[in-house]
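A.B. asks: What follows is a structure written as structure tokens; I'll ask about it next.
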Amino acid sequence: MLDDYFRQYGLIAIFLVVAVGVPISMLAMSSMAARIGLRPNKPTDVKSETYECGVEAIGGRWELFNFRYYMFAILFVIFDVEVVFLYPWAAKFLQLPLFALIEMAVFVGILVVGLAYAWRKHDLEWG
Numbered sequence: 098m099l100d101d102y103f104r105q106y107g108l109i110a111i112f113l114v115v116a117v118g119v120p121i122s123m124l125a126m127s128s129m130a131a132r133i134g135l136r137p138n139k140p141t142d143v144k145s146e147t148y149e150c151g152v153e154a155i156g157g158r159w160e161l162f163n164f165r166y167y168m169f170a171i172l173f174v175i176f177d178v179e180v181v182f183l184y185p186w187a188a189k190f191l192q193l194p195l196f197a198l199i200e201m202a203v204f205v206g207i208l209v210v211g212l213a214y215a216w217r218k219h220d221l222e223w224g
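So for the sequence shown, the working numbering puts the first residue at 98; every next one is plus one.
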């Protein structure tokens, strides 16, 4: 019993050692390759500029972005997760009992209430 307990935690310990060891060893090998000259190191101003989809950056690196982007991102994530739950339910809709329909109606209802709240607070308006 105790042997099985330690074996399970041994697997977790091995996983953690590999998960930490592999990235550290890769960084160490990259650093050693740069020191002995296997990897070129020629820093320039162009290489250290901010790159965004092939378009030259306008402004500095630490520009603040509008908070409205954050609100739209949060709302997108919330409703995207809703769709993840709706797809399997819709695929098995005809085989599910009536209680599953009621559960999904409550779930969608809660999300609609959240959407109505965001709409009422004018979080969906850009201007």
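Just so it is clear, CB atoms sit at the ideal spot from N, CA and C, and this is done for glycine as well.
1) Going by DSSP, which residues form a beta bridge with residue 153?
2) For a quick check, are the C-beta atoms of residue 211 and residue 175 less than 9 angstroms apart?
3) If you draw a straight line from the alpha carbon of residue 153 to that of residue 131, how long is it in whole angstroms?
4) Cα separation between residue 165 and residue 119?
5) What does the alpha-carbon distance come out to for the pair residue 182 and residue 198?
6) Just the C-alpha distance for residue 123 and residue 192, rounded to the nearest angstrom, thanks.
7) How many Å lie between residue 161 and residue 222 at the Cα?
8) Can you tell me where the alpha helix (DSSP H) holding residue 198 begins and where it ends?
9) Between residue 172 and residue 202, which are expected to be in contact by the criterion C-beta below 8 angstroms, what is the C-beta distance as a whole number of angstroms?
10) Measuring straight from C-alpha to C-alpha, what distance separates residue 159 and residue 136?
11) The alpha helix (DSSP H) that contains residue 172, what's its start and end?
C.D. replies: A quick look at the data gives this:
1) 148
2) yes
3) 29 angstroms
4) 39 angstroms
5) 13 angstroms
6) 51 angstroms
7) 20 angstroms
8) 195-217
9) So it is not a contact: roughly 21 angstroms between Cβ atoms.
10) 30 angstroms
11) 164-188
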